[in-house]
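Student:
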Amino acid sequence: MRRVTIYDSMSRATRIFAPMQPPRVGLYVCGLTPYAPAHVGHGRTFVIFDMVARALRRWGYRVFYVQNVTNLDDKLIARAAAENDDPLALAERHFAGFLRSMERLGARSVNYYPFATDYVPEILEQVKGLVDRGYAYVADDGSVYFEVAKFARYGALSGQKVEALKPGARVEVDPRKRAPEDFVIWKAATPGEPSWESPWGPGRPGWHIEDTAMTGRLFGAKYDLHGGGLDLNFPHHEAEIALSESATGLAPMVEYWMHSGLVAMTGEKMSKSIGNVSSLEQAIDDFGPGVLRLYYLNASYRSPVDFVPGKSLEEAREAYGRLSAPADRIAEILERDGPDRAGDPLPKELEEAAERLVDDLDTTLANDFNSREAIALLFGWARRLAEILPQIERLDGAGLTALAAPYAWATETLGLFERTPGARSGGWATVVPLLLAARARARARGDYAESDRIRDELRAAGVEVEDGADGSAWQFADAK
RNA sequence: GCCGAGGUGGCAGAAUGGUUAAUGCGACGGACUGCAGAUCCGUUUCCUGGGGGUUCGAUUCCCUCCCUCGGCUCCA
136 MRRVTIYDSM SRATRIFAPM QPPRVGLYVC GLTPYAPAHV GHGRTFVIFD MVARALRRWG
196 YRVFYVQNVT NLDDKLIARA AAENDDPLAL AERHFAGFLR SMERLGARSV NYYPFATDYV
256 PEILEQVKGL VDRGYAYVAD DGSVYFEVAK FARYGALSGQ KVEALKPGAR VEVDPRKRAP
316 EDFVIWKAAT PGEPSWESPW GPGRPGWHIE DTAMTGRLFG AKYDLHGGGL DLNFPHHEAE
376 IALSESATGL APMVEYWMHS GLVAMTGEKM SKSIGNVSSL EQAIDDFGPG VLRLYYLNAS
436 YRSPVDFVPG KSLEEAREAY GRLSAPADRI AEILERDGPD RAGDPLPKEL EEAAERLVDD
496 LDTTLANDFN SREAIALLFG WARRLAEILP QIERLDGAGL TALAAPYAWA TETLGLFERT
556 PGARSGGWAT VVPLLLAARA RARARGDYAE SDRIRDELRA AGVEVEDGAD GSAWQFADAK
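Residue numbering for the first sequence follows the working numbering, beginning at 136 and increasing consecutively.
Below is the structure:
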């Protein structure tokens, strides 16, 4: 296992990562409330933690990655009522859309997506325990609140002092609370809502406790790594700590806290409730998963980024094209001729450089997941390969594979340069070269009208032709 | 008001107590091309929000101020 450092938001310091039971790592990331389609901001958070899980796994850690789904809450209920739909069905539908986007983005490292409503028994058990131990109280209507004053460490994560809070700054103060900082862990049901029986009458889970009930069940009282968007730091993560540590009597609930920076939409936070969102699915449609992942990972995961429509992803697309060009060329040759292809052996110097680079990439990323610096190293490699492209075309299969090793590294850890195998197979691989050969003959005899006609027809069929010194190359227009 | 995260070239965005502060985008010049596109090469060098301090030396450590964004009890 490689030495990994992580910036821990609790201690506000970069610490050496030491899981409790190596090589096992329990990773919990706050997922989303699927009451509307996911936006570009959500994509960033989940691509970032996908990278974290991928990298840790590469380095020998056995990561169990859990990401919850809040499939029942006030917003879902309100939205469902507005659309005359069932809240659970609405959540199911939007979650399916979210999963599809994640799949397309290559964010496949989550082992388990628990649904809140599947953990009602665990939630009720935890609520009961908190009431019995005096940490929570029951209001007249049957709602149960956690009493923040009973938990001395409250505020440790966010630095917030209870007395300095400004009640009602954004959310209405609930009159059933004893103190404004208390938060609901079990909500008495209103007629028509999904509800479960409880010792305090029918109700449904509060938000914060859903996570601690899940992690308590799946990881126990303490686990290694907790992630989420920076906006969840307070109150949500603070509440999780209070709930879990009060319920179990064991602290700390989690050893390392990671918070990912938010995506702003031209200066203001992208948020479903504000409405200034840019659809994730649409972005994937327009630019492809690789461009989007490059955009996300091309900055420190902690820093805020500004999403400028018409600019951010366009720039990432240019960069991605340049970065992936040599890898694409190598992959094309290997797909065409196979890994045993005959050719020149790779010069020792390049072989060693590739090996050294992969090691540097690991070291760089292991430094608090510095994906931006790793990408800078990859650009250096892309430039080096571009300079010797004619030489590359003559290499044997082993040499090509060795040269592509840094790209394979990036695919494994960053999820970049994923190729859809066989994209150019089938009839295209036969027909296009025949047409290009005909076009080459036309050009040789100076019949440019015929040459351009063939190029136009190919373009109409979605094939881009590029003339170079060594003949004409082609690719599908949508593969860029 | 309080808490948190940020402030680096035209733009995006890294890094380090010490040679020219990465990398990308853009722009400009060149190569290649029948043309176009794509690609490749080169150029574009800001001394790091303001002020103070520590140090032989700070963008980096400390203090202070300013600005932006986020949070202040169900936002990734």
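Each residue gets a CB set at the ideal place from its N, CA and C atoms; glycine is no exception.
At which residues does the alpha helix (DSSP H) containing GLN417 begin and terminate?
Tutor: 415-422 is the extent of the alpha helix (DSSP H) around GLN417.
Student: Identify whether VAL245 lies in helix, strand or coil by the three-state DSSP scheme.
Tutor: Correct three-state label for VAL245: coil.
Student: Are GLU257 and ARG352 closer than 8 Å when you measure CB to CB?
Tutor: Against a cut-off of 8 Å, the Cβ pair of ARG352 and GLU257 comes out as a contact.
Student: Identify, in the order they occur along the chain, each residue of the same chain with its Cβ nearer than 7 Å to the Cβ of PHE514, setting aside the five sequence neighbours on each side.
Tutor: Closer than 7 Å at the Cβ level, and outside the excluded window around PHE514, lie LEU458.
Student: I need the DSSP call for VAL179, collapsed to helix, strand or coil.
Tutor: Residue identity differs from the one stated: residue 179 is Arg in this sequence, not Val. Residue state, collapsed to three classes: helix.
Student: What ranges does the alpha helix (DSSP H) occupy inside the stretch 200-261, keeping only unbroken runs of at least 4 residues that lie completely in it?
Tutor: With a minimum length of 4 residues, the continuous alpha helix (DSSP H) runs that stay inside the stretch 200-261 are 209-217 and 222-240.
Student: Output the distance between the C-alpha atoms of GLN156 and ARG189, rounded to the nearest integer angstrom.
Tutor: Cα to Cα, GLN156 sits roughly 19 Å from ARG189.
Student: Buried or exposed: where does VAL319 fall if 16 or more other Cβ atoms within 10 Å of its Cβ makes it buried?
Tutor: By the neighbour-count rule (16 or more Cβ atoms within 10 Å), VAL319 is buried.
Student: With respect to the beta strand (DSSP E) encompassing MET393, which residues constitute its N-terminal and C-terminal limits?
Tutor: Residues 389-395.
Student: Which one of ALA153, ASN206, LEU492 and LEU234 has the shortest CA to CA distance from TYR196?
Tutor: Cα-wise, what sits closest to TYR196 is ALA153.
Student: Report the three-state DSSP secondary structure of LYS301 (helix, strand or coil).
Tutor: Three-state DSSP puts LYS301 in coil, outside helix and strand.
Student: Taking DSSP as the reference, what is the three-state secondary structure of THR401?
Tutor: If DSSP states are grouped into helix, strand and coil, THR401 belongs with coil.
Student: Buried or exposed: LEU191, going by 16 or more other Cβ atoms within 10 Å of its Cβ?
Tutor: By the 10 Å Cβ count, LEU191 comes out buried.
Student: Whether or not the stretch 383-390 and the stretch 353-369 are in contact is what I'm after, with contact meaning three or more pairs of Cβ atoms, one per stretch, closer than 8 Å; do they touch?
Tutor: Yes, the stretch 353-369 touches the stretch 383-390.
Student: Going by the CB atoms, is the gap between GLU403 and ALA251 shorter than 8 Å?
Tutor: Result no, Cβ atoms of ALA251 and GLU403 do not sit closer than 8 Å.
Student: For GLU218, collect the residues of the same chain with a Cβ closer than 8 Å to its Cβ; drop the 5 residues on either side in sequence, then sort them by chain order.
Tutor: LEU225, listed in sequence order.
Student: Indicate the three-state DSSP secondary structure (helix, strand or coil) for GLU601 in the structure shown.
Tutor: Correct three-state label for GLU601: strand.
Student: Could you please give me the residues that DSSP links to LEU162 through a beta bridge?
Tutor: Its beta-bridge partners are TYR200 and LEU360.
Student: Which of helix, strand or coil does DSSP assign to ARG576?
Tutor: Three-state result, ARG576: helix.
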